[in-house]
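First the structure, in the form of structure tokens, and then the observations on it.
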């Protein structure tokens with residue numbers, strides 16, 4: 508979403524304060540102000556409180572318009588994806604949450620250290636509780652560079668998954684349910700959770716050193732990039748995207764639309 512720079516905010520404010528009848532266009536005003544900035548300074552000096560109040564409102568209004576346009580674009584893209592869904596790689600041998608033969612597959616691109624992903628985790632739980640065997644979730648990795656514990660967590664998750672998928676699911680849930688503690692303690696907490704879910708720690712240590720462990724994580728990250736997911740969380744619901752920590756009703760709209768075509 509684009510934020511107004513100072514000049515744009517000032518220009519919007521100046522226009523809103525001066526346009527009360529037939530007047531120069533916005534582009535003409537811009538040229539006038541660029542030639543003589545003292546015009547703006549005089550307006551600020553005359554009533555600074557009012558000026559900045561209007562400037563702030565102009566910036567907020569512009570941001571709302573940008574958000575509205577972004578939302579419209581996402582809805583349009585979503586409609587296109589119902590006709591031509593994107594096709595992520597589904598490896599049936601990896602950790603899958605829920606009924607493996609469910610008609611609805613949610614592919615989630617996530618980061619264990621991202622607070623928005625914790626919100627997404629709770630929403631996915633809610634969706635799975637509502638739809639039961641109709642929904643399954645394939646958890647994929649998109650650890651962001653500015654979350655130092657995210658990549659280690661992804662590696663630990665995959666190392667635990669090599670031993671037992673149920674243990675990996677428990678590991679996943681414990682990290683998101685205790686994200687603050689995980690973030691503060693880092694790898695020490697990862698080891699502690701791995702022990703609590705019953706993982707063989709010697710095998711964990713060995714697998715963490717195995718270079719092939721990164722193969723799946725790198726593939727997930729490349730796929731997320733391919734589909735235009737730059738932030739987390741991101742979701743594909745039978746190939747239809749939701750970009751961000753949307754609430755459960757937004758998931759429900761997409762899922763119900765899919766299910767209605769399967770009857």
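In this note's numbering, the protein residues as written are 508 to 770. Where is the CB? At the ideal position from N, CA and C, for every residue including glycine.
As DSSP reads the structure, residue 648 sits in a beta bridge with 617.
For the pair residue 600 and residue 656, the CB atoms are not nearer than the 8 Å cut-off. DSSP, reduced to helix, strand and coil, places residue 603 within a strand of the structure shown. Secondary structure at residue 744: strand, using DSSP grouped into helix, strand and coil.
DSSP places residue 628 inside the alpha helix (DSSP H), whose first and last residues are 622-638.
Between residue 711 and residue 678, the alpha-carbon positions lie close to 13 Å from each other.
When C-beta atoms of the segment 720-740 are compared with those of the segment 613-627, three or more pairs fall below 8 Å, so the two segments count as touching.
Here residue 612 is bridged, per DSSP, to 643. For the 8 Å CB-CB criterion, residue 755 and residue 645 do not form a contact. With respect to the C-alpha of residue 682, the residue from 669, 701, 749 having the closest C-alpha is 701. Rounded to whole angstroms, the gap between the alpha carbons of residue 692 and residue 725 is 25 Å.
Per DSSP, residue 720 has no beta-bridge partner at all.
Non-local C-beta neighbours of residue 597 in its own chain, meaning closer than 8 Å and more than five positions away in sequence, comprise 612, 614, 645, ordered along the chain.
Nearest in C-alpha terms to residue 766, of all of 751, 705, 610, 556, is 610.
For residue 658, the enclosing alpha helix (DSSP H) begins and ends at 657-670. Going by DSSP, residue 739 is part of no alpha helix (DSSP H) at all; its letter is neither H nor E. Apart from the 5 residues on each side of it in sequence, residue 624 sits with its Cβ closer than 6 Å to the Cβ of 617, 618, 739, 740 in its chain, given in chain order. Residue 658 sits buried, since 16 or more C-beta atoms from the chains shown fall within 10 Å of its C-beta. Taking a contact as a CB-CB distance under 8 Å, the pair residue 747 and residue 588 counts as one, their CB atoms being some 4 Å apart. Contact between residue 743 and residue 666 fails: their C-beta atoms lie close to 25 Å from each other, not under 8 Å.
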